[in-house]
Structures are given as C-alpha cells and as structure tokens.
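These notes are about the structure you will find just below.
Residue numbers (the numbering used here): -10 to 194.
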C-alpha cells in the first residue's frame, strides 16, 4: 500500500534519505515486475540508482525489504492521521478515518503491481509480514497514547492487529473483485465489520 509522505518536521537530511529509499523501492519494484524477483539482484537495483551495492545496503538489508518498505511510510502516515483526530471522536471512527488517510485517491499502477507481486511471491509475502509487525507496534503505541493505556497491554496490540488485518482483507477483496467499487469503500466496509475491544485507561491522568 502506497501512502503519501509527510515531512512531520523532518530535517533536510532525513527528507533526502526518505527520497532515496523511495527511489530504490520504486526501482526494485519495477525490475521485479519486469524480470521476476528471482532475476533481480541488489547490484541491478544499485546500478539503476547510480549507487554502489554497499550504499544500497545502508538503506535496505535486501531487495525484498526495498520492495515492501512502503509499510514504513504507511505507519507514519497512519499514526499522524490518528494523532490529528478529535479527542472526542470514538476510537473506531478515528481509526477508520486514519485508514482512509492512507488512500486519499484511487491506487496507481505501481501500488497495484506491488500488491499483486507481494501476493504471488512467497519471499515478498514473508517480508511484508515482518514489516507488519513493526507497523502494528507503531499503531499500538499511538492507540495507547490516545486511550491513556499501555502499548504493552493486550488490547492496544489486539486493536492494532485488527486494523492491519482489516486493511489487508479489504485490499485483497478489492483486487479480487473489480466490480466491488472503490478501494476506499472496501476499506470502510472492512473497518465496519468488526467491533473494537474497549480500552479503559490504565495510566493516571
């Protein structure tokens, strides 16, 4: 899932780093779609980007990680959107709005190609599951802050996992069912299909 990048007050150096990561991810995706992931080497990606393989490894540990790295930006965007929701809004409504922030418009060809590739390549699917673990941690921490609870507790972690599962399920459903409508409609429906556990405050105000 691609998501718009937000500066969030980042310095020039960090913005350049993110730009390079996004460029490497885009090149890795294009080559994998053209050749198949098995026929793409780190050296190929680095050469197209005009950098050395060693420099590539400063950004990503593998070609698979480069392709699915958009999950990092997705988590940042989601958490920023959730943080911006009104305090009086219910957690479910706030989470749904944050999910929709990930897709302000309909997905582009790169996003669809990435999603299909990940579904069909076991190594990429496994890499995305690893990325999801970090995404869930970030979301759980933001949920805990909003509900004045502890991110190490079960309910914030369970809620974060449900949100990630709802996103993946909606995406797969939308890709498999072209006549279903827009992806945003599928995401909204997916979020409406489950009830979040209540998360009572566990920290003193």
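Note that CB positions come from ideal geometry on N, CA and C, so glycine has one too.
As a quick exercise: from the options, pick the residue whose alpha carbon is nearest that of residue i.
i           : options               : result
residue 71  : 105, 35 and 130       : 130
residue 87  : 184, 183, 177 and 182 : 177
residue 124 : 53, 152, 27 and 51    : 152
residue 157 : 52, 173, 146 and 136  : 173
residue 13  : 57, 119 and 147       : 57
residue 38  : 67, 66 and 8          : 8
residue 132 : 43, 51, 2 and 78      : 78
residue 81  : 167, 19 and 148       : 148
residue 19  : 101, 139 and 76       : 101
Can the beta-carbon of residue i be found closer than 8 angstroms to that of residue j?
i           : j           : result
residue 141 : residue 180 : no
residue 175 : residue 163 : yes
residue 29  : residue 17  : yes
residue 106 : residue 22  : yes
residue 35  : residue 45  : yes
residue 183 : residue 128 : no
residue 6   : residue 31  : no
residue 95  : residue 26  : no
Helix, strand or coil for residue i per DSSP?
i           : result
residue 171 : coil
residue 29  : coil
residue -8  : For residue -8, the predicted model reports a pLDDT of 44, less than 50, meaning its position is unreliable; a value from the coordinates is still stated below. Here residue -8 sits in coil by DSSP.
residue 157 : helix
residue 179 : helix
residue 141 : coil
residue 5   : helix
residue 134 : helix
residue 148 : helix
residue 184 : coil
So, under 8 angstroms CB-CB, residue i and residue j are touching, yes? Tell me the CB distance rounded to an integer number of Å.
i          : j          : result
residue 63 : residue 89 : Not really, about 13 angstroms apart at Cβ, beyond 8 angstroms.
residue 15 : residue 99 : 7 angstroms
Legend entry - Runs of alpha helix (DSSP H) lying entirely within the region 41 to 118, each at least 4 residues, in chain order: You should have 42 to 48, 52 to 57, 59 to 72, 80 to 90 and 98 to 109.
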